[in-house]
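Written out below as structure tokens is the structure these notes cover.
2 protein chains.
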Amino acid sequence: MFSKTCEYAIRAMIFIAQKSKNGNKVGIKEIAKGVDSPEHYIAKILQELGKKGLLLSLKGPNGGFYLDKETLEYSLADIVKVVDGDKLFTGCGLGLKQCSETHPCPIHHEFKSLRRGIQTMLEKAKLGEFTEELGKRLTFLKR
Amino acid sequence: MFSKTCEYAIRAMIFIAQKSKNGNKVGIKEIAKGVDSPEHYIAKILQELGKKGLLLSLKGPNGGFYLDKETLEYSLADIVKVVDGDKLFTGCGLGLKQCSETHPCPIHHEFKSLRRGIQTMLEKAKLGEFTEELGKRLTFLKR
DNA sequence: ATAATAAAAGATATTTTTATCTTTTATTCG
DNA sequence: CGAATAAAAGATAAAAATATCTTTTATTAT
Numbered sequence: 001m002f003s004k005t006c007e008y009a010i011r012a013m014i015f016i017a018q019k020s021k022n023g024n025k026v027g028i029k030e031i032a033k034g035v036d037s038p039e040h041y042i043a044k045i046l047q048e049l050g051k052k053g054l055l056l057s058l059k060g061p062n063g064g065f066y067l068d069k070e071t072l073e074y075s076l077a078d079i080v081k082v083v084d085g086d087k088l089f090t091g092c093g094l095g096l097k098q099c100s101e102t103h104p105c106p107i108h109h110e111f112k113s114l115r116r117g118i119q120t121m122l123e124k125a126k127l128g129e130f131t132e133e134l135g136k137r138l139t140f141l142k143r
Numbered sequence: 001m002f003s004k005t006c007e008y009a010i011r012a013m014i015f016i017a018q019k020s021k022n023g024n025k026v027g028i029k030e031i032a033k034g035v036d037s038p039e040h041y042i043a044k045i046l047q048e049l050g051k052k053g054l055l056l057s058l059k060g061p062n063g064g065f066y067l068d069k070e071t072l073e074y075s076l077a078d079i080v081k082v083v084d085g086d087k088l089f090t091g092c093g094l095g096l097k098q099c100s101e102t103h104p105c106p107i108h109h110e111f112k113s114l115r116r117g118i119q120t121m122l123e124k125a126k127l128g129e130f131t132e133e134l135g136k137r138l139t140f141l142k143r
């Protein structure tokens with residue numbers, strides 16, 4: 001469904017959301033450990049998300065990655081769009097470039113509703129909303 | 001959603017289904033052209049599907065790939081399982097290995113229903129059922 | 001200012017996926 | 001049988017995704 005890069009990205013962002021609840025920041029090492037991802041690799045991904053405005057960071061001592069009230073409102077769909085692009089939401093299930101309503105692949109219509117379901121679910125899933133269950137250890141971000 | 005390999009596989013299988021309606025066989029060149037895929041690459045994929053019993057073929061003059069009454073009953077889900085494995089149907093959306101009902105990732109439950117929807121749709125889609133609309137040029141397998 | 005810290009950026013390496021090319025084997029037909 | 005045909009199989013290549021390592025820049029606290 002998602003690229004591995006995107007899986008890391010989502011897990012890291014949810015992790016940061018949880019850790020930055022009280023205005024705290026979290027370092028890349030802790031993030032990498034917390035979501036079980038390669039440190040330098042996830043760093044790259046977060047840099048990109050930062051450039052796109054989905055995430056904040058500060059260098060130096062006491063620095064790290066964090067989310068504020070505004071960025072906590074971003075959804076998983078926003079992350080997916082930045083990392084994997086929007087082919088999951090708009091592309092043809094069979095990889096045809098010109099697949100459309102008027103030139104559909106054989107599974108175009110069935111796929112359309114599936115895609116819509118995926119997109120709706122990801123758009124509803126705001127970063128700020130995962131922290132509670134994570135805090136209670138009802139959900140997990142690694143292994 | 002699917003690997004590129006799997007997209008080719010599905011397109012080729014639907015193409016063969018259409019072409020082998022009247023007991024005909026279709027050569028690899030015609031298949032490659034018909035679904036706009038690299039010839040040797042799709043050949044490899046079809047060989048694997050053949051080994052797994054989803055597809056029949058015959059060498060020599062008048063040879064080629066074809067489907068019979070039985071193999072036309074296979075669904076897109078069967079193809080996906082052979083080519084991409086079943087991680088789309090059973091794997092964790094965030095890539096966790098131990099994600100389960102008792103150790104769920106934050107989107108486990110939402111994903112479960114999406115996955116089920118995808119699987120159901122693919123299982124319902126039997127190879128034999130695409131030929132009519134393709135014949136009427138209401139649907140397409142390339143570009 | 002300076003030293004310490006931590007992210008940003010750049011360069012390189014590895015692995016997997018995708019694709020191509022060549023040789024071999026099976027089948028048909030004259 | 002022998003020539004032609006077409007898939008099967010094996011070897012190699014190219015591209016993309018994933019991962020690591022090193023250097024640079026920004027920030028903080030002393």
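Those protein sequences? They're chains D and F, same order as listed.
Be aware that the first sequence starts at 1, since it is given in the working numbering, and climbs by one per residue.
Be aware that the second sequence starts at 1, since it is given in the working numbering, and climbs by one per residue.
For every residue, glycine included, the Cβ atom is placed at its ideal position computed from N, Cα and C.
Keep in mind that this is a model prediction, so the values were computed, not measured.
### Query
Just by C-beta distance, which residues in the segment 48 to 78 of chain D are closer than 8 Å to chain F?
LEU76
### Task
Just the C-alpha distance for LEU67/F and LYS97/F, rounded to the nearest angstrom, thanks.
Taking the second sequence and counting its residues from 1, one reaches residue 67/F at position 67. Taking the second sequence and counting its residues from 1, one reaches residue 97/F at position 97. Their backbone Cα atoms lie some 37 Å apart in a straight line.
### Task
Look up GLY128/F in the DSSP assignment and say whether it is helix, strand or coil.
Indexing the second sequence from 1 puts residue 128/F at position 128. In the three-state reduction of the DSSP assignment, GLY128/F falls in the helix class, which pools H, G and I.
### Query
Using the C-alpha atoms, what's the distance from PHE111/F back to PHE130/F?
Residue mapping note: residue 130/F aligns to position 130 of the second sequence, counting from 1. Residue mapping note: residue 111/F aligns to position 111 of the second sequence, counting from 1. One C-alpha to the other measures close to 28 Å.
### Query
What residue ranges within the segment 35 to 79 of chain D form continuous beta strand (DSSP E) runs of no fewer than 3 residues, ordered along the chain?
56 to 58 and 64 to 66
### Query
Exposed or buried, which one is LEU76/F when buried takes at least 16 other CB atoms within 10 Å?
Your numbering for residue 76/F matches position 76 in the second sequence. Buried: at least 16 other Cβ atoms inside 10 Å.
### Query
Could you give the C-beta distance for LYS19/D and VAL26/D, rounded to a whole number, given that I count them as a contact under 8 Å?
If you number the first sequence from 1, residue 19/D lands on position 19. If you number the first sequence from 1, residue 26/D lands on position 26. That belief holds up - the Cβ atoms of LYS19/D and VAL26/D are roughly 4 Å apart, short of 8 Å.
### Message
Less than 9 Å between CB atoms is the rule here; does GLU133/F satisfy it with respect to chain D?
### Response
Residue mapping note: residue 133/F aligns to position 133 of the second sequence, counting from 1. Chain D, which has a Cβ nearer than 9 Å to the Cβ of GLU133/F, makes this yes.
### Message
Taking the alpha carbon of LYS81/D as the reference point, which residue from SER37/D, GLU123/D, LEU72/D and GLU133/D has its own alpha carbon closest?
### Response
Position 81 of the first sequence, counting from 1, holds the residue named residue 81/D. Nearest C-alpha to LYS81/D: GLU123/D.
### Query
Using 9 Å as the limit for Cβ to Cβ distance, is THR90/D near chain F?
Along the first sequence, one-based indexing puts residue 90/D at 90. No, THR90/D lies away from the interface with chain F (no Cβ there is under 9 Å from its Cβ).
### Message
As an exercise, report each continuous alpha helix (DSSP H) stretch of at least 4 residues that is fully enclosed by the segment 87 to 118 of chain F, in chain order.
### Response
87 to 90
### Message
For the segment 22 to 34 of chain F, list every residue whose C-beta sits within 7 Å of some C-beta in chain D, in sequence order.
### Response
none
### Task
Take CYS6/F and list the residues in its own chain whose beta-carbon comes closer than 8 Å to its own, dropping the five residues that flank it on each side.
Locating residue 6/F in the second sequence gives position 6, counting from the first residue. Once the five neighbours on either side are set aside, the close Cβ partners of CYS6/F are ILE79, VAL80, VAL83 and ASP84.
### Task
For LYS19/D, decide whether its Cβ has a neighbour in chain F, counting only Cβ atoms nearer than 9 Å.
Within the first sequence, residue 19/D is the residue found at index 19, counting from 1. It does not: the Cβ of LYS19/D has no partner Cβ on chain F nearer than 9 Å.
### Message
Taking the alpha-carbon of LEU138/D as reference, which of ILE107/F, ILE118/F and LEU56/F has the nearest alpha-carbon?
### Response
Stepping through the first sequence from its first residue, residue 138/D is reached at position 138. Residue ILE107/F is the option with its Cα nearest to LEU138/D.
### Task
For GLN98/D, return the contacting residues in chain F, with the cut-off set at a CB-CB distance below 7 Å.
Position 98 of the first sequence, counted from the start, is the residue given in the question as residue 98/D. Within 7 Å Cβ-Cβ: ARG143.
### Element boundaries [alpha helix (DSSP H), containing ARG143/F]
In the second sequence, counting from the first residue as 1, residue 143/F sits at position 143. No alpha helix (DSSP H) holds ARG143/F; DSSP gives it neither H nor E.
### Query
Taking any Cβ of chain F, which residues in the segment 94 to 128 of chain D have a Cβ under 9 Å from it, in chain order?
Within the segment 94 to 128 of chain D, contact with chain F at the beta-carbon level (separation under 9 Å) is assigned to LEU94, GLY95, LEU96, LYS97, GLN98, CYS99, HIS103, PRO104, CYS105, PRO106, ILE107, HIS108, GLU110, PHE111, SER113, LEU114, ARG115, GLY117, ILE118, MET121, LEU122, LYS124 and ALA125.
### Query
Going by the beta-carbon positions, is the gap between ALA17/D and GLY91/D smaller than 9 Å?
Counting from one through the first sequence, the residue named residue 17/D turns up at place 17. Counting from one through the first sequence, the residue named residue 91/D turns up at place 91. Not a contact, by the Cβ cut-off of 9 Å.
### Message
Since PHE65/D and LEU55/D should fall inside the 8 Å C-beta cutoff, what is the C-beta to C-beta distance between them, to a whole number of angstroms?
### Response
Here residue 65/D corresponds to residue number 65 of the first sequence, with the count starting at 1. Here residue 55/D corresponds to residue number 55 of the first sequence, with the count starting at 1. 6 Å between Cβ atoms; contact.
### Buried or exposed (CB count within 10 angstroms, at least 16 for buried), SER113/D
Within the first sequence, numbered from 1, the residue matching residue 113/D stands at position 113. By the neighbour-count rule (16 or more Cβ atoms within 10 Å), SER113/D is not buried but exposed.
### Task
Quick one: give me the first and last residue of the alpha helix (DSSP H) that ARG11/F is part of.
Walking along the second sequence from the start, residue 11/F turns up at place 11. Looking at the DSSP string, the run of the alpha helix (DSSP H) that includes ARG11/F is 4 to 19.
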